[in-house]
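Going down the list, the sequences are from chains A and B.
Quick note, the first sequence lines up with residues 522 to 873 if you use the working numbering.
Quick note, the second sequence lines up with residues 25 to 372 if you use the working numbering.
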Amino acid sequence: MSTEVASTTQAPPVLEVVDLETRFHTARGVVRAVDGVSLSLRAGETLGLVGESGSGKSVLGRTLMGLIATGGTTEVSGTVRIAGQAVHELSGRQRRKLWGPKIAMVFQDPMTSLNPVRPIGVHLTDPLRLHLGLSRRAAKERAVELLDRVGIPDPRRRLEQYPHELSGGMRQRVMIAVALSCDPEILIADEPTTALDVTVQKQILDLLGSLARERQMATVLISHDLGAVEGRTDRVVVMYAGRAVETAPTTELFAAPHHPYAEALIGSVPALDAPPHTVLRAIDGTPPDMANPPVGCRYAPRCNRAQDLCRDQMPLLLDTSPGRSVACHFPVSVALPDVPEVPDGANEKETV
Amino acid sequence: MYMPDPGFVRGTLLRRGQLARRGAALLVAGLVAVALGLSGVLVAVVNPVLIIGGLVAVYAGVDRLVWAARRRRLDLLLGLASAWLVLLVGAAILAPVLPLGEHEDVAATITDPIFLEPFTYGDHPLGTNGAGLDMLARVIYGARASLTIAVMAVTIGLVVGSAIGIIAGFYRRKVDTVIGIFTNALLAVPPLILLIVLATVLDPKVRNMAIALSLLTIPTMVRLARANTIAYSQREFVLAARALGATKGRIMVRELLPNVLPPMLSMAVVVMSALIVAEASLSFLGLGIQPPSPTWGNMILEAEANDTMTEHPFILLVPGTVLFLTVYSVNLLGERAQQRWDPRGAKL
Numbered sequence: 522m523s524t525e526v527a528s529t530t531q532a533p534p535v536l537e538v539v540d541l542e543t544r545f546h547t548a549r550g551v552v553r554a555v556d557g558v559s560l561s562l563r564a565g566e567t568l569g570l571v572g573e574s575g576s577g578k579s580v581l582g583r584t585l586m587g588l589i590a591t592g593g594t595t596e597v598s599g600t601v602r603i604a605g606q607a608v609h610e611l612s613g614r615q616r617r618k619l620w621g622p623k624i625a626m627v628f629q630d631p632m633t634s635l636n637p638v639r640p641i642g643v644h645l646t647d648p649l650r651l652h653l654g655l656s657r658r659a660a661k662e663r664a665v666e667l668l669d670r671v672g673i674p675d676p677r678r679r680l681e682q683y684p685h686e687l688s689g690g691m692r693q694r695v696m697i698a699v700a701l702s703c704d705p706e707i708l709i710a711d712e713p714t715t716a717l718d719v720t721v722q723k724q725i726l727d728l729l730g731s732l733a734r735e736r737q738m739a740t741v742l743i744s745h746d747l748g749a750v751e752g753r754t755d756r757v758v759v760m761y762a763g764r765a766v767e768t769a770p771t772t773e774l775f776a777a778p779h780h781p782y783a784e785a786l787i788g789s790v791p792a793l794d795a796p797p798h799t800v801l802r803a804i805d806g807t808p809p810d811m812a813n814p815p816v817g818c819r820y821a822p823r824c825n826r827a828q829d830l831c832r833d834q835m836p837l838l839l840d841t842s843p844g845r846s847v848a849c850h851f852p853v854s855v856a857l858p859d860v861p862e863v864p865d866g867a868n869e870k871e872t873v
Numbered sequence: 025m026y027m028p029d030p031g032f033v034r035g036t037l038l039r040r041g042q043l044a045r046r047g048a049a050l051l052v053a054g055l056v057a058v059a060l061g062l063s064g065v066l067v068a069v070v071n072p073v074l075i076i077g078g079l080v081a082v083y084a085g086v087d088r089l090v091w092a093a094r095r096r097r098l099d100l101l102l103g104l105a106s107a108w109l110v111l112l113v114g115a116a117i118l119a120p121v122l123p124l125g126e127h128e129d130v131a132a133t134i135t136d137p138i139f140l141e142p143f144t145y146g147d148h149p150l151g152t153n154g155a156g157l158d159m160l161a162r163v164i165y166g167a168r169a170s171l172t173i174a175v176m177a178v179t180i181g182l183v184v185g186s187a188i189g190i191i192a193g194f195y196r197r198k199v200d201t202v203i204g205i206f207t208n209a210l211l212a213v214p215p216l217i218l219l220i221v222l223a224t225v226l227d228p229k230v231r232n233m234a235i236a237l238s239l240l241t242i243p244t245m246v247r248l249a250r251a252n253t254i255a256y257s258q259r260e261f262v263l264a265a266r267a268l269g270a271t272k273g274r275i276m277v278r279e280l281l282p283n284v285l286p287p288m289l290s291m292a293v294v295v296m297s298a299l300i301v302a303e304a305s306l307s308f309l310g311l312g313i314q315p316p317s318p319t320w321g322n323m324i325l326e327a328e329a330n331d332t333m334t335e336h337p338f339i340l341l342v343p344g345t346v347l348f349l350t351v352y353s354v355n356l357l358g359e360r361a362q363q364r365w366d367p368r369g370a371k372l
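As structure tokens, then:
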């Protein structure tokens with residue numbers, strides 16, 4: 522996969538996000554769900570977006586598409602460029618034209634993201650006829666092809682079936698087929714396997730991977746499952762409390778995480794070869810209240826390396842090496858010249 | 025669908041043989057009663073009672089026999105209800121070509137007998153009224169008016185109500201508030217008073233009656249559609265449709281409407297039977313279609329004059345029975361349709 526990254530490095534990015542912020546005005550104050558995230562994605566590249574619940578992954582995914590936009594109690598600033606067009610400056614009509622042919626989304630729960638009273642076929646043919654202007658018959662033929670491509674047996678018969686007649690895995694395949702129907706350049710998969718059981722998870726992720734490869738499609742894989750992200754993405758953005766805390770090529774991140782949060786996340790993945798009854802490692806505490814985030818580094822209250830500086834000053838996302846950046850005053854396994862040495866005692870209070 | 029085993033009597037299950045014997049006894053007793061009623065040996069009032077009671081007994085008997093033989097519930101009731109409605113609607117549609125007596129032209133019946141008893145096997149199977157008009161013809165022509173008004177009113181209520189309700193539930197905020205004020209205002213007006221006011225202002229024509237009655241159904245329909253729309257708008261498939269570039273109109277018509285409609289159709293059937301009664305009430309008050317044009321309501325009204333009800337009870341019983349059977353059948357059909365087709369029960 523890394524070779525593909527190299528081959529497409531020259532191409533202009535299909536998705537470019539600069540300093541994106543999503544704020545919700547709630548009764549409890551302003552919630553900064555996404556707080557200054559920048560990233561870019563090239564054709565054929567797969568980006569993993571990881572973080573625990575409430576870290577702003579899904580809101581980021583929806584803001585990228587423009588599904589969440591300024592209006593009502595929501596405020597979006599920064600820019601998102603899809604195929605050169607600034608999504609948040611477009612009119613509703615122009616934005617709707619992007620959804621489908623340029624960018625599409627696979628949702629978390631295939632049980633609720635298909636309309637229970639409409640047959641599978643209609644879900645597929647509607648966008649085809651709307652965006653590509655296909656005739657009823659041509660759309661139906663294309664729908665059969667799509668279902669076949671996502672590995673649904675007997676696709677012609679499925680067109681007439683209703684969502685409740687299909688299993689969860691089949692439904693998620695249908696959702697993928699729907700998302701791919703207009704051949705999008707960017708696919709956002711928002712925790713596509715959370716609602717599925719483990720064996721089906723692997724099939725769906727493999728399917729997404731192979732489809733992205735064959736179509737040279739840029740993919741954003743949102744997940745809290747590090748196992749899903751490792752080995753299936755080219756780069757990973759680790760999010761914490763609405764901010765990107767570390768960006769790195771996947772292999773490098775898993776080999777040597779720089780941010781203490783990333784390290785703790787990777788450390789909390791249970792190992793297959795661990796002896797039975799090994800106590801699972803967890804990160805103490807809970808993510809901060811986003812209506813009232815702590816001053817300084819947001820991870821500081823839970824961080825075992827935190828020092829006074831962390832509680833006063835928010836660390837910025839700085840490059841450590843080409844393609845890698847981390848937002849931490851005292852990153853793990855990097856010796857930044859201008860940062861004081863980490864005292865040895867800081868690492869001993871390991872959390873369980 | 026749960027239907028209790030007819031063999032359960034006071035909490036104990038009858039054995040198959042006992043059940044079959046009881047069923048046979050009921051069937052025979054029912055048939056005898058119907059035969060007696062039809063033969064007209066007894067007084068006029070007793071005949072229809074005997075026939076109806078006999079039919080009920082026949083039904084109960086057949087039901088028990090079928091259960092004893094095949095352990096499957098016979099939905100004879102549903103069959104009878106559908107048959108009744110098909111017969112009624114068919115007769116109403118074909119009324120002009122059926123060989124019926126005179127239904128409204130009093131001048132044409134000047135030589136006909138008045139207050140002729142029903143079941144006399146003459147030209148007037150259901151007898152004649154005080155002006156010599158044929159009761160069967162009047163019941164059938166009355167069905168034309170009553171059913172047309174009810175169906176039209178329900179359709180108007182369904183279309184307008186679902187449109188307004190979906191818009192209110194989808195847009196929420198100000199649109200919802202404004203629509204809410206209007207529907208609540210309409211609900212706050214006592215229905216009969218509203219109808220009386222409308223009936224005095226409007227011409228008593230079928231179209232106007234339908235519009236007036238539809239006003240009663242719209243607030244309920246709006247509320248039902250709005251509540252369901254709000255529930256379904258939160259579902260992810262609406263977001264998914266939006267993420268594929270669907271416009272608001274498309275989401276409302278293609279995604280929400282198919283979900284909102286089934287419970288509304290079930291509701292519409294129930295409302296329809298209420299409207300048949302409402303229309304009859306209006307006619308009974310003399311505010312509906314004017315006699316001599318028949319509706320079930322003004323046919324019942326005829327019985328009120330002088331001592332007609334005590335001397336010729338069939339004048340009341342004929343339209344009353346037809347009204348009762350129709351409302352009962354419509355309700356039953358609505359209930360069964362709801363159990364069978366409401367997709368909310370079947371999903372997940």
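All C-beta atoms in this analysis are idealised placements derived from N, C-alpha and C, irrespective of residue type, glycine included.
Shorter than 7 Å, the distance from the beta carbon of residue i to the closest heavy atom of the ligand GTP, or not?
| i | result |
| --- | --- |
| I242/B | With respect to small molecules bound, the structure shown includes none, and the ligand GTP cannot be examined in it. |
Taking residue i as the query, report the chain B residues whose CB atoms sit under 7 Å from its CB, ordered along the chain.
| i | result |
| --- | --- |
| D704/A | Those within 7 Å of D704/A in chain B number zero; the least Cβ separation is about 13 Å. |
| G621/A | L268, G269 |
| T878/A | The first residue shown for chain A is 522 and the last is 873, placing residue 878/A beyond what the model contains. |
Using only alpha-carbon positions, find the residue among the options that is nearest to residue i.
| i | options | result |
| --- | --- | --- |
| T345/B | W320/B, A361/B, L357/B | W320/B |
| V284/B | P637/A, R819/A, L801/A | P637/A |
| V293/B | I117/B, V80/B, E260/B, T350/B | T350/B |
| D129/B | L311/B, P243/B, P316/B, R196/B | P316/B |
| E686/A | G621/A, M632/A, R663/A, K723/A | M632/A |
| D805/A | A812/A, M811/A, P796/A, Y820/A | Y820/A |
| L801/A | P791/A, V719/A, L786/A | P791/A |
Which residues in chain B have a C-beta closer than 8 Å to the C-beta of residue i? List them in chain order.
| i | result |
| --- | --- |
| R736/A | Within chain B, no residue comes near R736/A; the closest Cβ sits about 17 Å away, beyond 8 Å. |
| V638/A | P282, N283, P286, P367 |
| A625/A | A267, L268 |
| V586/A | Strictly speaking, residue 586/A in this sequence is Met, with Val absent from that position. The answer, in chain order, is A267. |
Is residue i helix, strand or coil by DSSP?
| i | result |
| --- | --- |
| E784/A | helix |
| I709/A | strand |
| M738/A | coil |
| F851/A | coil |
| V535/A | coil |
| A564/A | coil |
| G78/B | helix |
| I743/A | strand |
| Q606/A | strand |
| E767/A | strand |
| L50/B | helix |
| L356/B | helix |
Does the Cβ-Cβ distance between residue i and residue j come in under 8 Å?
| i | j | result |
| --- | --- | --- |
| M233/B | I173/B | yes |
| G582/A | D755/A | no |
| V535/A | A604/A | yes |
| L701/A | A625/A | yes |
| L263/B | L588/A | yes |
Could you tell me the alpha carbon to alpha carbon distance between residue i and residue j, rounded to whole angstroms?
| i | j | result |
| --- | --- | --- |
| A777/A | E784/A | 8 Å |
| M760/A | I743/A | 10 Å |
| A105/B | Q42/B | 29 Å |
| W91/B | G103/B | 16 Å |
| G642/A | S598/A | 38 Å |
| P149/B | V183/B | 40 Å |
| R552/A | Y782/A | Residue 552/A is actually Val in this sequence, not Arg. Cα to Cα, the separation comes out at about 22 Å. |
| S688/A | V695/A | 10 Å |
| M738/A | P533/A | 14 Å |
| S305/B | N322/B | 9 Å |
| T768/A | P843/A | 11 Å |
| K272/B | A255/B | 16 Å |
Run down chain B in chain order and give the residues with a C-beta less than 9 Å from the C-beta of residue i.
| i | result |
| --- | --- |
| H652/A | L268, G269 |
| D647/A | A265, L268, A270, R274, R278 |
| K618/A | G269 |
Counting only Cβ pairs nearer than 7 Å, list the residues of chain A close to residue i.
| i | result |
| --- | --- |
| E279/B | N636 |
| A264/B | F628, S634 |
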